[in-house]
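Student:
2 protein chains.
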Amino acid sequence: MDEEQENVSTKVASIDPEKILSYIRKKDRKALLTVFEIVPNIDIAEAVNDFEPADLLYIFRAVPSEITADFFDELSSDAKEALIKAMTDKELVEIINEQYADDVADTVNELPANLASRVLRAASKDMRKDINQLLQYAEGTAGSLMTTEYLEFIDTAKVSKVIEEIRSKGKDAETVYTIFVRNAKREFVGTAGLDDLIFAKPDETLGDIMNRDVVSCYTATDQEEVAKMFRRYDLNAMAVLNADSRLVGVITIDDVMDVIVEEQQEDLAHLTNMSASDKPYMELSAWSNAKKCIPWLIALLILGTFTTLVLDRIEKSHIFTLLPMLIAFVPTLMDTGGNAGAQTTGLMIRGLAVDDFGPKDVLKVLWKEFKSALIIAGIVASFAFLWITMEQYTGIVNDAESFPGVNIWAGNCWNLDFFGHTMKNSALISITMGIAVLFSKVIGTLLPLGAAAIKKDPALLSQPMLTTIMDVATLCIYLVMAMAFFPHFA
Amino acid sequence: MDEEQENVSTKVASIDPEKILSYIRKKDRKALLTVFEIVPNIDIAEAVNDFEPADLLYIFRAVPSEITADFFDELSSDAKEALIKAMTDKELVEIINEQYADDVADTVNELPANLASRVLRAASKDMRKDINQLLQYAEGTAGSLMTTEYLEFIDTAKVSKVIEEIRSKGKDAETVYTIFVRNAKREFVGTAGLDDLIFAKPDETLGDIMNRDVVSCYTATDQEEVAKMFRRYDLNAMAVLNADSRLVGVITIDDVMDVIVEEQQEDLAHLTNMSASDKPYMELSAWSNAKKCIPWLIALLILGTFTTLVLDRIEKSHIFTLLPMLIAFVPTLMDTGGNAGAQTTGLMIRGLAVDDFGPKDVLKVLWKEFKSALIIAGIVASFAFLWITMEQYTGIVNDAESFPGVNIWAGNCWNLDFFGHTMKNSALISITMGIAVLFSKVIGTLLPLGAAAIKKDPALLSQPMLTTIMDVATLCIYLVMAMAFFPHFA
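Going line by line, the protein sequences match chains Z and A. The first sequence begins at 298 in our numbering and counts up by one. The second sequence begins at 298 in our numbering and counts up by one.
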């Protein structure tokens with residue numbers, strides 16, 4: 298083991314795969330045990346994921362199963378599969394029954410059918426019942442997140458009695474820090490922290506010391522909702538109830554952290570027009586990566602047809618044929634409109650994700666965005682006016698056809714005709730930009746809030762729709778404004 | 298209190314502000330106490346945030362400070378300010394010293410100077426020392442996240458002795474579930490769970506039962522790094538050390554959840570070309586919202602100058618003047634290139650955020666993305682070929698000038714000349730698109746990984762740079778390909 302750390306900002310005992318392999322080859326059981334004592338399971342798992350099944354198996358034979366059960370859970374799906382194939386029935390029974398039912402249920406979900414049924418056969422009767430129960434809940438619900446191993450006591454139980462029971466059987470529960478309390482009707486009524494028990498007098502009852510201001514959810518509650526409650530109420534564990542208000546499971550905070558990250562990664566994926574992946578990047582094949590990109594690119598390509606259609610007509614309109622320079626500003630106008638809308642869509646997606654507001658606040662939010670859109674449109678359009686004038690004077694764009702020799706080096710920038718014309722171009726483009734920004738912020742507010750109101754993922758639909766709507770809208774605004782500015786050309 | 302819940306998916310006792318106000322007006326102390334017993338603090342705080350200071354103050358006078366201390370911390374900054382102004386010195390002393398030093402430090406950070414110093418004067422000498430210590434750490438470091446109230450014992454302490462001490466003074470610690478263990482040299486050596494103590498024999502020492510495979514960080518460690526470790530190692534609390542490996546603070550999981558959300562919200566903001574906000578959306582004024590948008594829009598507008606410059610030249614080139622239809626596809630080409638790149642940038646930002654890979658894996662990641670980019674470019678370009686041919690046949694774009702009466706209704710779609718020309722256009726555009734997708738995926742990989750390598754936020758710079766680079770690159774590819782396809786027009 299190499300205690301040197303590569304990262305100075307954190308302190309973790311690191312481990313070299315070669316060293317572990319050499320312990321295995323030398324059958325050095327003692328050294329392996331020391332590794333498990335000093336190095337966290339996830340780090341050992343990452344070091345050995347690519348080992349041969351026989352080498353992996355040796356670890357499980359050399360180290361007691363109460364230590365390797367958690368370690369097993371951290372291995373990659375491939376390593377788990379290889380191990381399950383290689384283990385004897387007896388070994389499998391040991392390793393499976395040391396784990397928590399929800400972890401085994403997750404493993405079963407990932408395995409091919411023949412191995413899954415091997416795992417289920419290895420599970421004890423009680424655990425098999427729990428696993429089958431857990432496998433029934435739809436992905437993304439509280440039921441699929443919860444564990445069935447928790448501590449539940451009746452509210453009339455004495456503190457001393459509870460501590461004694463925890464001592465004798467607590468090790469099987471996934472969290473012993475929160476004790477769940479039910480009444481005589483088997484309804485969930487409150488929780489007590491392990492610390493509350495320690496601070497309490499031995500002859501107080503759970504009913505005396507429990508917290509009654511607890512929050513709970515149902516098996517069908519969306520996992521995103523669960524995550525929001527954990528954050529809002531600073532929970533460590535939450536009760537999951539069935540329709541009769543009876544406790545059927547418990548969600549612990551470590552699973553919720555993963556949900557928060559997963560949900561936000563999904564938002565991020567949709568915001569960049571991709572399908573989300575539940576696999577780590579490095580485990581994705583080139584083809585499965587491509588599959589998540591292609592449908593979106595093709596859908597956007599098809600939506601882009603509207604833009605092509607409109608631009609083709611505009612470009613050939615009399616006015617834009619006479620003023621071809623105006624075409625050069627089309628991407629800038631589209632980009633600015635699109636960017637302004639994307640900012641607002643992003644704000645909406647973030648606000649909805651952390652519950653700053655909901656779809657019902659649409660008017661309040663719209664008014665807020667409209668006010669700031671007015672400020673933004675005003676300032677950006679004013680800047681654009683100056684910048685576009687500069688672009689024309691310096692010849693970055695060159696209105697060579699209607700005004701030959703227009704650029705600054707040609708020495709005719711004080712030509713009054715040119716001066717007036719330049720200003721008119723700048724005004725046209727910057728006013729179009731201002732209107733596009735305003736419009737785009739309004740659409741950028743309405744699309745995600747609308748999606749949320751009909752219970753769709755606000756990030757999933759808003760972004761591609763916004764791009765298409767804004768591209769077409771910007772072009773139309775541009776055409777109408779150009780006709781207003783240059784009526785004699787139209 | 299109204300036990301009816303508006304949201305069927307979760308179960309929380311809800312509270313009506315009017316009811317609380319009526320209890321205050323009636324000076325019904327008992328009803329108020331019941332509210333605090335049944336309703337979570339954050340919900341009460343949200344109900345009363347807008348009350349008059351005198352009404353708020355009554356709550357603090359009616360309800361004991363050990364209950365209201367946590368409630369105070371959940372109030373909005375405005376409510377806190379009003380209360381601190383209205384409270385007597387004695388009341389302030391009580392409420393401040395019931396809180397945790399890190400929460401008070403956060404409050405002090407938000408208050409105007411005169412109120413901040415009032416709070417510091419109210420704090421006990423020990424707490425003042427802790428607060429001043431905490432205020433020294435830079436925002437975003439482990440030091441600024443940590444609490445100074447935790448349980449630390451020497452490794453030779455007997456379990457029975459430790460439990461006894463926790464019972465007598467544990468209430469002051471922010472987490473009693475994790476006990477931190479030091480050796481005789483005052484170095485941090487491990488942790489023990491409260492459950493480990495309960496399961497242990499009374500005469501075992503902490504050294505016998507503690508976990509030695511623990512991870513820790515330093516006061517200067519970045520909070521994003523801390524959050525990653527909590528997730529990776531499923532921690533509930535983590536030790537923060539000074540340069541001498543001595544424990545100086547502890548970070549608890551509830552603070553880490555907020556960091557995870559904060560960091561991901563920041564990524565999301567930068568991905569939509571905005572500055573991140575640390576205030577909830579509803580508390581932002583129109584002007585402060587606008588300020589977060591405007592600099593980005595203007596920067597992108599300036600960067601867009603390159604696009605305008607290139608497009609202006611291309612559009613007036615001989616070849617595009619002869620084939621004006623090709624201009625109509627410029628937005629589609631730019632959008633597809635931009636979208637393909639944004640997908641990859643998004644993937645990189647997500648992968649970096651959850652540590653799927655780091656900047657050092659650039660070659661492996663680049664190769665992976667290149668392989669899937671080849672697949673994507675091939676499929677998208679093939680589809681584009683068919684789609685663009687269709688667009689021409691149906692007259693969505695209309696090459697009226699070079700080939701009069703080109704569209705399907707004009708009945709000349711079998712004209713061989715037109716057929717060949719149409720195919721040639723489609724080939725030109727789809728091949729340009731394929732190359733743009735490939736190029737954009739490569740740039741989309743390199744920009745965020747490059748930013749991460751120089752320790753910059755990968756989302757901050759990548760997105761605007763990518764848009765500009767891709768717009769200009771796509772136009773250049775288009776021009777070169779057009780010259781290759783129509784050499785006689787060039």
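Note that CB positions come from ideal geometry on N, CA and C, so glycine has one too.
Since A/LEU620 is in the beta strand (DSSP E), which residue starts that stretch and which ends it?
Tutor: Walking along the second sequence from the start, residue 620 of chain A turns up at place 323. Premise fails: A/LEU620 is in no beta strand (DSSP E) and is neither H nor E.
Student: DSSP state of A/PHE786, grouped into three classes?
Tutor: Stepping through the second sequence from its first residue, residue 786 of chain A is reached at position 489. Looking at A/PHE786 - three-state DSSP - the assignment turns out to be coil, as it is neither helix nor strand.
Student: Measure from the alpha carbon of A/SER513 to the alpha carbon of each residue in A/ALA497, A/ASP492 and A/PHE477, then state which is nearest.
Tutor: Residue numbering aside, residue 513 of chain A sits at position 216 when the second sequence is read from its first letter. Out of A/ALA497, A/ASP492 and A/PHE477, A/PHE477 has the C-alpha closest to the C-alpha of A/SER513.
Student: Below 8 Å CB to CB, which residues in the same chain sit around Z/THR765 once its five sequence neighbours on both sides are set aside?
Tutor: One-based indexing of the first sequence puts residue 765 of chain Z at position 468. Hits under 8 Å: LEU597, LEU600, GLY601, PHE603 and THR604.
Student: Within 8 Å of any Cβ in chain A, is that where the Cβ of Z/PHE811 sits?
Tutor: Outside the shown range of chain Z, which is 298 to 787, sits residue 811 of chain Z, and nothing can be said about it.
Student: Spatial neighbours of Z/ASN801 within its chain, please: C-beta separation below 6 Å, excluding the five flanking residues on both sides.
Tutor: Residue coverage of chain Z in this structure runs from 298 to 787, which leaves residue 801 of chain Z outside it and unanswerable.
Student: Give a yes or no on whether the minimum CB-CB distance between Z/ILE616 and chain A is below 8 Å.
Tutor: The residue given as residue 616 of chain Z occupies position 319 in the first sequence. Chain A contact via Cβ: absent.
Student: Could you tell me which chain Z residues have their CB closer than 7 Å to the CB of A/ARG326, listed as they occur along the chain?
Tutor: As a first step, residue 326 of chain A must be located in the second sequence, where it is residue number 29. None at all; the shortest Cβ gap to chain Z is about 18 Å.
Student: Measure the CB-CB distance between Z/THR445 and Z/LEU431 and report whether it falls below 8 Å.
Tutor: Taking the first residue of the first sequence as 1, we reach residue 445 of chain Z at position 148. Taking the first residue of the first sequence as 1, we reach residue 431 of chain Z at position 134. The criterion of a C-beta distance shorter than 8 Å is satisfied by Z/THR445 and Z/LEU431.
Student: Closer than 9 Å by beta-carbon distance: list the chain Z residues that pair up with A/GLN562, in chain order.
Tutor: Indexing the second sequence from 1 puts residue 562 of chain A at position 265. Near A/GLN562 (Cβ distances below 9 Å), the residues of chain Z are GLN561, ARG647, ALA650 and VAL651.
Student: By the DSSP assignment, the alpha helix (DSSP H) with Z/PHE357 in it spans what residues?
Tutor: Translated into the one-based positions of the first sequence, residue 357 of chain Z becomes position 60. Here the alpha helix (DSSP H) through Z/PHE357 covers 350-359.
Student: Between A/PRO337 and chain Z, is the shortest Cβ-Cβ distance under 8 Å, so that the two count as touching?
Tutor: Here residue 337 of chain A refers to the residue found at position 40 when the second sequence is read from its first residue. For A/PRO337, the answer is yes, since a Cβ of chain Z falls inside 8 Å of its Cβ.
Student: Is the Cβ-Cβ distance between A/LEU772 and A/ILE611 less than 8 Å?
Tutor: In the second sequence, residue 772 of chain A corresponds to position 475, counting from 1. In the second sequence, residue 611 of chain A corresponds to position 314, counting from 1. Their beta carbons are under 8 Å apart, which means A/LEU772 touches A/ILE611 by this criterion.
Student: Once DSSP output is grouped into helix, strand and coil, what is the label at Z/MET780?
Tutor: Counted from its first residue, the first sequence places residue 780 of chain Z at position 483. Z/MET780 falls in the helix class under three-state DSSP.
Student: At a Cβ threshold of 8 Å, is Z/ASP452 touching chain A?
Tutor: Taking the first sequence and counting its residues from 1, one reaches residue 452 of chain Z at position 155. Not one chain A Cβ lies under 8 Å of Z/ASP452.
Student: Is the Cβ of Z/MET579 closer than 8 Å to any Cβ of chain A?
Tutor: As a position in the first sequence, residue 579 of chain Z is number 282, starting the count at 1. Yes - at least one Cβ of chain A is within 8 Å of the one on Z/MET579.
Student: Tell me which same chain residues have a C-beta within less than 6 Å of the C-beta of Z/LEU619, skipping the five on either side of it?
Tutor: The count along the first sequence starts at 1 and reaches residue 619 of chain Z at position 322. Result list for Z/LEU619: PHE786, in chain order.
Student: Is it true that the CB of A/ARG647 sits closer than 8 Å to the CB of Z/GLN520?
Tutor: The residue you call residue 520 of chain Z lines up with position 223 of the first sequence. The residue you call residue 647 of chain A lines up with position 350 of the second sequence. No, Cβ-Cβ distance for Z/GLN520 and A/ARG647 is not below 8 Å.
Student: Tell me whether Z/VAL309 is buried or exposed, calling it buried when 16 or more other Cβ atoms sit within 10 Å of its Cβ.
Tutor: The residue labelled residue 309 of chain Z in the question sits at position 12 within the first sequence. Looking at its Cβ environment, which holds 16 or more other Cβ atoms inside 10 Å, Z/VAL309 is buried.
Student: So A/GLY440 is in the alpha helix (DSSP H); what residue range does that whole segment cover?
Tutor: Position 143 of the second sequence, counting from 1, holds the residue named residue 440 of chain A. A/GLY440 -> alpha helix (DSSP H) spans 439-442.
Student: If I'm right that A/VAL739 touches A/PHE783 with Cβ under 8 Å, what's the distance once you round it to whole angstroms?
Tutor: Numbered from 1 along the second sequence, position 442 holds the residue referred to as residue 739 of chain A. Numbered from 1 along the second sequence, position 486 holds the residue referred to as residue 783 of chain A. The pair is not a contact, with the Cβ atoms about 28 Å apart (cut-off 8 Å).
Student: So with Cβ pairs under 8 Å, would you call Z/ALA435 a contact of chain A?
Tutor: Position 138 of the first sequence holds residue 435 of chain Z. So, not an interface residue.
Student: Decide yes or no for the touch test of the stretch 575-585 of chain A against the stretch 627-635 of chain Z: beta carbon pairs closer than 8 Å, at least 3 of them.
Tutor: no
Student: Measuring alpha carbon to alpha carbon, tell me which of Z/VAL459, Z/LYS324 and Z/GLU471 ends up nearest Z/LEU494.
Tutor: Taking the first sequence and counting its residues from 1, one reaches residue 494 of chain Z at position 197. Here the closest residue by C-alpha is Z/VAL459.
Student: For the pair the stretch 391-403 of chain A and the stretch 356-370 of chain A, tell me if three or more CB-CB distances fall below 8 Å.
Tutor: yes
Student: Look at the alpha carbon of Z/GLN290 and the alpha carbon of Z/ALA670, and state the distance between them as a whole number of angstroms.
Tutor: Residue numbering for chain Z in the displayed model covers 298 to 787; residue 290 of chain Z lies beyond these limits and cannot be assessed.
Student: What residues in its chain sit with their C-beta under 7 Å from that of A/THR475, if we drop five residues either side in the sequence?
Tutor: Counting from 1 along the second sequence, the entry for residue 475 of chain A is found at position 178. Closer than 7 Å at Cβ, skipping near neighbours: THR488, GLY490, ASN533 and ALA534.
Student: Return the first residue and the last residue of the beta strand (DSSP E) that Z/TYR515 is part of.
Tutor: Here residue 515 of chain Z refers to the residue found at position 218 when the first sequence is read from its first residue. Start and end: 513-515.
Student: When the Cα atoms are used, what is the spatial distance from Z/SER679 to Z/ILE673?
Tutor: Walking along the first sequence from the start, residue 679 of chain Z turns up at place 382. Walking along the first sequence from the start, residue 673 of chain Z turns up at place 376. When rounded, the distance between both Cα atoms is 10 Å.
Student: How would you list, in chain order, the residues of chain A whose beta-carbon sits under 9 Å from the beta-carbon of Z/TYR530?
Tutor: As a position in the first sequence, residue 530 of chain Z is number 233, starting the count at 1. The contacting residues are VAL309, PRO337, ASN338, ILE339 and ASP340.
Student: As a quick exercise: from Z/ARG483, Z/SER457 and Z/LEU448, pick the residue whose alpha carbon is nearest that of Z/LYS466.
Tutor: Numbered from its first residue, the first sequence carries residue 466 of chain Z at position 169. The shortest Cα separation from Z/LYS466 among Z/ARG483, Z/SER457 and Z/LEU448 belongs to Z/LEU448.
Student: Could you tell me which residues DSSP pairs with Z/GLU580 in its beta bridges?
Tutor: Numbered from 1 along the first sequence, position 283 holds the residue referred to as residue 580 of chain Z. Paired residues: none, contrary to the question.
Student: Whole-angstrom Cβ separation of Z/ILE548 and Z/LEU442, contact assumed at under 8 Å?
Tutor: In the first sequence, counting from the first residue as 1, residue 548 of chain Z sits at position 251. In the first sequence, counting from the first residue as 1, residue 442 of chain Z sits at position 145. Indeed, because the Cβ distance is near 5 Å, the residues count as touching under 8 Å.
Student: I'd like the ranges of any alpha helix (DSSP H) spanning at least 4 consecutive residues and lying wholly in the stretch 397-454 of chain A.
Tutor: 398-407, 410-419, 422-433 and 439-442
Student: Is the stretch 312-327 of chain A in contact with the stretch 340-360 of chain A, if contact means three or more CB pairs nearer than 8 Å?
Tutor: yes
Student: Is any heavy atom of the ligand FMN found at a distance shorter than 7 Å from the C-beta of A/THR516?
Tutor: As for the ligand FMN, it is missing from this structure, which has no ligand bound.
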